[in-house]
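Data first, discussion second: the structure below is written as structure tokens.
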Amino acid sequence: MIDKSLFLEKKVAFHTLGCKLNFSETSTIARALTEEGFIKVKYDEFADVYLINTCSVTEIADKKCRQAIKKAIRQNPNAFVVVTGCFAQLKPLTIAEMEGVDLVLGSNEKFKMADYLGDLQKKASGEVHAGKIMTNKEFFPSYSMGDRTRTFLKVQDGCDYFCSYCTIPLARGKSRNADIKTTIELAKKAASEGAQEIILTGVNIGDFGKSTNETFFQLVQELDKVEEIKRFRISSIEPNLLSDEIIEYVARSSKFMPHFHIPLQSGSNKVLALMKRKYNRELFAHRVDKIKSLIPHAFIGVDVIVGVRGETSAHFNEALEFIHGLDISQLHVFTYSERPNTKALTIEHVVPIPERKLRSQILHQVSDKKTRHFYNQFVGQTASVLLEGSENEGMMNGFSENYLKVKVPFDASLKNTIQKVKLKSFISDEMVFDVELMD
Ligand code: SF4
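All residue numbers for the sequence shown refer to this note's numbering, where the first residue is 1 and numbers rise by one.
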């Protein structure tokens with residue numbers, strides 16, 4: 001039996017690596033520990049317990065995890081160090097052997113954190129609790145609050161796709177979700193705590209409903225009816241699952257923002273097939289055309305991976321030409337790194353690291369050009385922006401409906417409010433709009 005009175009007034013600090021999903025989950029874990037009596041402090045402060053929620057999408061993510069562990073131990077050599085998240089699920093024993101680590105929790109166990117903390121005494125080596133994730137059917141809803149103005153609402157977890165380069169299904173298990181009713185209740189709860197804008201988040205959100213006999217489109221329609229929430233955004237959604245009916249609905253909705261994030265990953269059909277993606281580039285182009293024909297001012301962010309095994313120079317050039325022709329607003333460029341236990345490792349053609357970096361640079365330049373072009377279309381127009389709280393050199397930032405970043409002089413009373421602005425001038429080197437507040 002755990003004596004939870006030990007937790008009273010103990011300081012706990014959190015460090016999150018990786019995606020929005022991880023941020024929403026850390027936020028939920030933090031709320032649960034605060035309810036047990038812990039006091040949340042910043043990661044660069046002294047704490048009794050440090051918790052690192054890891055990611056394992058690339059090699060860099062692994063490295064960042066190691067650095068975060070070292071930072072915690074430097075801060076307080078006697079602190080109880082917990083590591084959880086995707087990297088912990090995939091490599092629990094490796095992490096358990098790292099100096100200073102006391103507890104390693106898998107992707108499921110992290111939501112019952114308080115039950116595993118024990119007496120908070122340092123251990124000779126890390127204690128591991130990481131069950132079999134592939135057979136796990138449990139879903140733990142989460143949302144971020146307090147850390148950012150916008151709230152990330154986790155609506156789905158896991159993935160059934162098994163793209164050849166990806167380890168996420170091994171770390172997060174099969175696709176699963178809470179039902180629509182529960183998800184709506186959670187959205188309302190976030191609204192009652194001040195959420196103005198909710199970003200629907202998951203590993204493969206278009207797959208929502210598979211485990212509850214519902215669909216993502218139904219979820220979108222039901223959320224749209226929640227009066228308490230002013231704005232929704234759909235985060236990354238697979239192109240094959242972003243159906244025309246969803247695009248048409250977003251075009252009609254006043255709450256779902258004209259903002260899409262679609263992973264393309266490669267603009268070459270040969271490479272898409274090697275990646276085991278479930279669409280070809282023609283379908284992708286159709287989605288972009290559909291969005292732009294109905295919502296010309298929509299922001300479209302696109303993920304691309306460069307240097308994957310099998311991507312020859314000819315494939316890359318073909319992809320580059322395709323991407324040039326897409327009416328999109330921004331690219332999120334990822335450089336491929338080999339991940340253990342993935343099918344891609346059997347593909348023979350290996351792209352040398354300097355070539356991977358070069359391809360990434362080329363696509364970053366393409367992205368900058370596209371973003372500048374997108375922003376420039378809106379100079380002189382008006383927009384509604386949700387202003388974020390933090391102060392940066394006397395200014396505060398916000399985002400318009402179609403995800404234009406703006407800055408205004410800092411005013412604490414404007415935090416978390418939606419304001420009408422005139423987009424005065426585009427500051428190209430900062431990729432931000434200077435704006436004028438309107439009444
Ligand atoms: S869709 Fe593919 S890349 Fe995305 S999480 Fe699933 S397996 Fe990984």
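The beta-carbon is built from N, C-alpha and C at its ideal position, and this holds for glycine as well.
Item to check | Under the three-state DSSP convention, the category Val-306 falls into | outcome: DSSP places Val-306 in strand when its eight states are reduced to three.
Checklist entry - According to DSSP, which residues form a beta bridge with Asp-395? => result The sequence shown places Met at residue 395, not Asp. Bridge partners of Met-395: Asn-392, Pro-409.
Item to check | Buried/exposed call for Glu-109, threshold 16 Cβ in 10 Å | outcome: Buried is the label assigned to Glu-109, since at least 16 other Cβ atoms lie within 10 Å of its Cβ.
Checklist entry - For ligand 1, is there a heavy atom less than 7 Å away from the beta-carbon of Ile-168? => result Annotation for Ile-168 indicates a beta carbon within 7 Å of some heavy atom of ligand 1.
Checklist entry - Candidates Phe-87, Tyr-116, Asn-317: which alpha carbon is nearest Leu-33's? => result Here the closest residue by C-alpha is Tyr-116.
Next on the checklist: The beta strand (DSSP E) that contains His-315, what's its start and end?
Outcome noted: It is not in any beta strand (DSSP E) - His-315 instead sits in the alpha helix (DSSP H) that spans 313 to 324.
Item to check | Delimiting residues of the alpha helix (DSSP H) encompassing Asn-78 | outcome: For Asn-78, there is no enclosing alpha helix (DSSP H), since its DSSP letter is neither H nor E.
Checklist entry - When we look at the beta-carbon of Met-396 and count the other beta-carbons within 10 Å, is it buried (16 or more) or exposed? => result Only buried fits Met-396, as 16 or more other CB atoms lie within 10 angstroms of its CB.
Item to check | CB contact below 8 Å: Arg-372 versus chain C | outcome: Absent here is chain C; the protein component of the structure consists of one chain.
Item to check | C-alpha distance - Phe-316 paired with Ala-68, whole-angstrom precision | outcome: Those two C-alpha atoms are separated by around 35 Å.
Checklist entry - Which whole-angstrom value is the C-beta distance of Ile-305 and Gln-265, which I expect to be below 8 Å? => result Taking the Cβ atoms as the reference, Ile-305 lies roughly 5 Å from Gln-265, within the contact range of under 8 Å.
Checklist entry - Shortest alpha-carbon distance to Gln-156 belongs to which of Arg-150, Met-431, Arg-172? => result Looking at the Cα atoms, Arg-172 is the closest of the given residues.
Checklist entry - Just to confirm, does Cys-65 get its C-beta within under 7 Å of one of the non-hydrogen atoms of ligand 1? => result No, Cβ of Cys-65 sits at least 7 Å from all heavy atoms of ligand 1.
Checklist entry - Around the C-beta of Lys-20, are 16 or more other C-beta atoms found within 10 angstroms, so that it is buried, or is it exposed? => result Per the 10 Å Cβ criterion, buried.
Checklist entry - Any chance the CB of Glu-25 is under 7 Å from a heavy atom of ligand 1? => result Checking the Cβ of Glu-25 against ligand 1 gives no.
Checklist entry - What number of angstroms, rounded off, separates the C-alpha of Thr-212 from the C-alpha of Ile-427? => result C-alpha separation (whole angstroms): 47 Å.
Checklist entry - Going by DSSP, what residues sit across from Phe-334 in a beta bridge? => result Within the DSSP bridge table, the entry for Phe-334 names Ile-305 as partners.
Checklist entry - What are the start and end residues of each continuous alpha helix (DSSP H) run of 4 or more residues lying completely inside the region 258 to 309, in chain order? => result Those alpha helix (DSSP H) runs which fall completely within the region 258 to 309 and span 4+ residues are 269 to 275, 281 to 294.
Checklist entry - When the Cα atoms are used, what is the spatial distance from Val-442 to Gly-398? => result Outside the shown range of the chain, which is 1 to 439, sits residue 442, and nothing can be said about it.
Checklist entry - Can you tell me whether DSSP reads Phe-245 as helix, strand or coil? => result Per the sequence shown, residue 245 should be read as Glu rather than Phe. Here Glu-245 sits in helix by DSSP.
Next on the checklist: If I measure Cβ to Cβ from Ala-30 and keep anything under 8 Å in the same chain, skipping five residues before and after, which residues do I get?
Outcome noted: The answer, listed in chain order, is Val-12, Phe-14, Lys-40.
Checklist entry - Should the region 100 to 109 be called in touch with the region 64 to 78, which here means at least 3 C-beta pairs below 8 Å? => result At 8 Å Cβ cutoff, the stretches touch.
Checklist entry - By a C-beta neighbour count over all protein chains shown, 10 Å radius and 16 as the cutoff for buried, is Pro-352 buried or exposed? => result Taking a 10 Å sphere around the C-beta of Pro-352, we find fewer than 16 other C-beta atoms and assign the residue as exposed.
Checklist entry - Looking only at its own chain, which residues have a Cβ that is under 7 Å from the Cβ of Asn-22, when we skip the five neighbours before and after it? => result Hits under 7 Å: Thr-16, Asn-53, Cys-55, Gly-85.
Next on the checklist: What would DSSP say about Ile-199, mapped onto helix, strand or coil?
Outcome noted: Strand, per DSSP.
Item to check | Three-state secondary structure assigned by DSSP to Arg-339 | outcome: Of the three classes helix, strand and coil, the one that applies to Arg-339 here is coil, per DSSP.
Next on the checklist: Could you compute how far the alpha carbon of Ser-293 sits from the alpha carbon of Val-302?
Outcome noted: Note on geometry: alpha-carbon atoms of Ser-293 and Val-302 lie some 18 Å from one another.
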